[in-house]
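Asks: Numbering (my numbering), first residue to last: 15 to 99.
Glycine included, each C-beta is placed from N, C-alpha and C at the ideal position.
A single structure is presented below for examination.
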């Protein structure tokens, strides 16, 4: 699992779910532990797991938001620091 309850996240703008928000506020807070939604073995033999989280954006709870469409604010801060160096 990539996120924990209390983590601040944003929706990735390169996903279709990004446009489903009713608000222009794109910062949310994870309010649940990750739920394993799907697992399978890759062709290379590794096990792939896909998690989803409940996230609140602008006071509205979105349930089972896939991990793949979320980006943590910590990641964004790290990317900004690398760009400024």
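From residue 25 to residue 18, what distance separates their C-alpha atoms?
Replies: The straight-line gap separating the alpha-carbon atoms of residue 25 and residue 18 is approximately 16 Å.
Asks: Report the CB separation of residue 85 from residue 44 in whole angstroms; it is logged as a contact under 8 Å.
Replies: Not really, about 12 Å apart at Cβ, beyond 8 Å.
Asks: Take residue 76 as the anchor and find which of 16, 31, 59, 27 has the nearest alpha-carbon.
Replies: That would be 31, whose Cα lies nearest to the Cα of residue 76.
Asks: Would you identify the three-state DSSP class for residue 50, choosing helix, strand or coil?
Replies: Residue 50: strand per DSSP, three-state reduction.
Asks: Run through the DSSP bridge pairs and tell me what residue 86 is partnered with.
Replies: 23
Asks: State yes or no: is the C-beta of residue 89 within less than 7 Å of the C-beta of residue 16?
Replies: no
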